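Numbering-wise (my numbering), the sequence shown opens with residue 2 and increments by one. Don't be surprised by glycine CBs; every beta carbon is placed ideally from N, CA and C. Bear in mind the structure is a predicted one, so any value in this text is a computation, not a measurement. Quick notes on the structure that follows.
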Amino acid sequence: MHRVLFLAVLLGLAAWAGPKLWVSETVYDFGEVKEGMLVVHTFLLKNVGDAVLTFTRSPGVSCGCTSAPLPKMTLEPGESVPLEVRFETTGYGGRRTIKYVYVYSDDPEAPQVNLALQGYVRPHAPFEETAYMLRYRYRLILDVREPESFARGHLLGAVNVPFSRLEEALDWLPQTVIYVCDEAGELGLKAAELLRRRGFWATRVLAGGFAGWNKEMAGYLVVGEPLSAFPQIAPGAVSPSQLAQEYVIILDFRSAEEYEKGHFLGSIFVGPDGLDRVLPYLLPAAALAPELQPYIFCVDEDEIVAPAAAQFLRGLGLVRAYSLVGGLPQWRIRYGADFMILGTP
Numbered sequence: 002m003h004r005v006l007f008l009a010v011l012l013g014l015a016a017w018a019g020p021k022l023w024v025s026e027t028v029y030d031f032g033e034v035k036e037g038m039l040v041v042h043t044f045l046l047k048n049v050g051d052a053v054l055t056f057t058r059s060p061g062v063s064c065g066c067t068s069a070p071l072p073k074m075t076l077e078p079g080e081s082v083p084l085e086v087r088f089e090t091t092g093y094g095g096r097r098t099i100k101y102v103y104v105y106s107d108d109p110e111a112p113q114v115n116l117a118l119q120g121y122v123r124p125h126a127p128f129e130e131t132a133y134m135l136r137y138r139y140r141l142i143l144d145v146r147e148p149e150s151f152a153r154g155h156l157l158g159a160v161n162v163p164f165s166r167l168e169e170a171l172d173w174l175p176q177t178v179i180y181v182c183d184e185a186g187e188l189g190l191k192a193a194e195l196l197r198r199r200g201f202w203a204t205r206v207l208a209g210g211f212a213g214w215n216k217e218m219a220g221y222l223v224v225g226e227p228l229s230a231f232p233q234i235a236p237g238a239v240s241p242s243q244l245a246q247e248y249v250i251i252l253d254f255r256s257a258e259e260y261e262k263g264h265f266l267g268s269i270f271v272g273p274d275g276l277d278r279v280l281p282y283l284l285p286a287a288a289l290a291p292e293l294q295p296y297i298f299c300v301d302e303d304e305i306v307a308p309a310a311a312q313f314l315r316g317l318g319l320v321r322a323y324s325l326v327g328g329l330p331q332w333r334i335r336y337g338a339d340f341m342i343l344g345t346p
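Have a look at this one:
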C-alpha cells in the first residue's frame, strides 16, 4: 500500500515537472480613449515551472497596429519578464475593438497563450490629427544655399545647411522625405546625389530651386525677398506644385525654453501668443483649393493652446490646419526624438 502511494506521488510530481507559463492577466480593458492616443499596457509573464521556459518565437499580433516585443526568449524557473503591448489607435475612431497578442512557448500544457487589449476608440475632432499622421506627412525642405542667400529669402520652414557643410549634417538629418532647394536647380542635384549615396533614399530635388518656386508660385510661402533668377529645370526634379500639395508647416506654441530643449526640424517657433507674426505668410493659402493648401500642424505640450489655434486657422479658411492629438508627449512615446533637434541646427 505504501509503495503504491509513493509511486502515485512520484507520478504526480512528474506531471508538474517542466516549464510552466503564468500570465498576470489575459485581457486588459482600456475603457475609452481618443483616436490618436497610443494605448500601452504591460503584461507580466512568469515561469512557475521547475525547468527553463523557452519562448519558441516572437509574439504574434492580430494586426500591424499592435506591437509586443519580448525583451528575452528564455526564463529560468521563478523568473519573470514584462511584455509591453502597444496599440496604435489611429484609424479606429468610432469603433469598439479588440486586439490580440499570441505568446508561444514550450509550456507543454499551454504552448500558445492569447492576450487581448480591448476598449472603445472615440473619434478625434476634425481639427485634430495624430502623431502617426504627422510622421507620415512630414516633409523636410533642405536649403543648401549659403547663409547670406538664405537670409535674403527662403521657403517658410526650410532648414539651411550650405552644400559645403552637408556632410556634417548627416548625423542629425532625419530619414524622411527631403526636398532639396538651391538657388536655381543645379546645386540641388549634387546635394541630392550625396544624400542618396549616404542612405537618404527619399531625397527629391525642387525643380528650379528657389527661383523655380518663385516663378511658379509667385512668392507663396516665401519669407523675405523672392528670387527672380532664371531656373534650371533638371530631369527628375519635382515641380513646385507637387511640393505645394505636400507642404507641411509645424507651428510650435510652447515657450522659448521648451522649444530650445527640443523641436521638430523646420518647425516655426510661435510661442503661446505669437500667431500674429506668422499669419501674413499663411493667409494667402486660404484662397487656394484645399488640396493646394499646406498641412499646418499646431503643437504644444498639453493641448491647451494648439487646439484653439488650429480652430482659429480653420476659421480663416486654412482647412488643413490641425492640432496634435495628445500633444508632443504622444510623439515622444512613439518616436522619441525622431525628426527633432536641440537648439538651432
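Which residue marks the beginning of the alpha helix (DSSP H) containing residue i, and which one marks its end?
i      : result
Ser150 : Pro148 to Arg153
Trp1   : Because the chain in this structure spans residues 2 to 346, residue 1 falls outside the shown range and cannot be described.
Phe340 : Careful: Phe340 lies outside any alpha helix (DSSP H) and carries neither H nor E.
Phe313 : Ala307 to Gly316
Val167 : Reading the sequence as shown, one finds Leu at residue 167 and not Val. Counting along the chain, the alpha helix (DSSP H) containing Leu167 begins and ends at Leu167 to Ala170.
Mark residue i as exposed unless 16 or more other C-beta atoms lie within 10 angstroms of its C-beta, in which case mark it buried.
i      : result
Ala307 : buried
Met74  : exposed
Lys21  : buried
Leu6   : In this prediction, Leu6 scores a pLDDT of 45, lower than 50, which makes its location untrustworthy; the coordinate-derived value is nonetheless stated afterwards. It is exposed - the Cβ of Leu6 has fewer than 16 other Cβ atoms within 10 Å.
Asp274 : exposed
Leu11  : Because the pLDDT of Leu11 is 43, which lies under 50, any placement of that residue in the model is unreliable, and the number read from its coordinates should be weighed accordingly. Its Cβ having fewer than 16 others within 10 Å, Leu11 is exposed.
Cys64  : exposed
Glu304 : buried
Lys262 : exposed
Arg97  : exposed
Leu8   : Residue placement at Leu8 is flagged as unreliable, the pLDDT there being 42, under the threshold of 50; a coordinate-derived value is accordingly withheld.
Val300 : buried
Gln331 : buried
Val142 : Correcting the residue type first, residue 142 is Ile in the shown sequence and not Val. The residue in question, Ile142, is buried, as its Cβ has 16 or more Cβ neighbours within 10 Å.
Val249 : buried
Leu45  : exposed
Asp51  : exposed
Val326 : buried
Asp144 : buried
Leu349 : Coverage of the chain is limited to positions 2 through 346, which leaves residue 349 absent and any answer about it impossible.
Ala238 : buried
Arg140 : buried
Ala185 : buried
Ser106 : buried
Pro175 : buried
Glu110 : exposed
Ala203 : exposed
Please indicate yes or no: does the CB of residue i lie closer than 7 Å to some heavy atom of the ligand ADP?
i      : result
Gly210 : Among the ligands in the structure shown, none appear at all, so the ligand ADP cannot be discussed.
Going by DSSP, what residue range makes up the beta strand (DSSP E) through residue i?
i      : result
Glu33  : Val28 to Lys35
Lys73  : Counting along the chain, Lys73 falls outside any beta strand (DSSP E), and DSSP gives it neither H nor E.
Leu244 : Note, Leu244: premise wrong, no beta strand (DSSP E); alpha helix (DSSP H) at Pro241 to Glu247.
Ala322 : Ala322 to Leu325
Leu46  : Leu39 to Asn48
Leu22  : Leu22 to Val24
Val145 : Unbroken run through Val145: none, as it is neither H nor E.
Val162 : No beta strand (DSSP E) holds Val162; DSSP gives it neither H nor E.
My understanding is that residue i touches residue j, with C-beta atoms under 8 Å, so please give their C-beta distance in whole angstroms.
i      : j      : result
Ile60  : Val104 : Looking at the sequence shown, residue 60 is not Ile but Pro. Yes, Pro60 and Val104 are in contact; Cβ-Cβ is about 5 Å, under 8 Å.
Leu71  : Val53  : Actually they are not in contact, since the Cβ atoms of Leu71 and Val53 sit about 15 Å apart, beyond 8 Å.
Leu293 : Val271 : Their Cβ separation, rounded to whole angstroms, is 23 Å, which puts Leu293 and Val271 out of contact at 8 Å.
Tyr296 : Phe128 : So it is not a contact: roughly 13 Å between Cβ atoms.
Thr91  : Phe340 : Contact doesn't hold; Cβ gap of about 17 Å is too wide.
Thr67  : Val102 : 7 Å
Arg321 : Pro291 : 7 Å
Ala311 : Leu276 : Their Cβ separation, rounded to whole angstroms, is 11 Å, which puts Ala311 and Leu276 out of contact at 8 Å.
Gly154 : Val40  : Their Cβ separation, rounded to whole angstroms, is 45 Å, which puts Gly154 and Val40 out of contact at 8 Å.
At which residue ranges does the region 54 to 141 contain complete beta strand (DSSP E) runs of 3 or more residues, listed in the order of the chain? 58 to 62, 81 to 89, 96 to 105 and 113 to 123
Of all the alpha helix (DSSP H) runs that stay within the bounds of the region 185 to 233, which reach a length of 4 or more residues? You should have 188 to 198 and 210 to 218.
Only counting runs of 3 or more residues, tell me where the beta strand (DSSP E) segments fall wholly within the region 249 to 305, in order along the chain. 249 to 253 and 296 to 300
Report yes or no: do three or more beta-carbon pairs, one from the region 200 to 210 and one from the region 240 to 249, lie closer than 8 Å? yes
Is the region 249 to 267 touching the region 155 to 167 in the sense that three or more CB pairs, one from each, lie closer than 8 Å? With three or more CB-CB distances shorter than 8 Å, the region 155 to 167 counts as touching the region 249 to 267.
Using 8 Å as the cut-off, can you tell me whether the region 213 to 221 makes contact with the region 191 to 205, which would need three or more C-beta pairs spanning the two stretches below that distance? No, because fewer than three Cβ pairs between the region 213 to 221 and the region 191 to 205 fall closer than 8 Å, the two stretches do not touch.
Do three or more CB pairs link the region 109 to 118 to the region 131 to 147 at distances below 8 Å? no
Is there contact here, the region 78 to 95 with the region 29 to 37, by at least three beta-carbon pairs under 8 Å? yes
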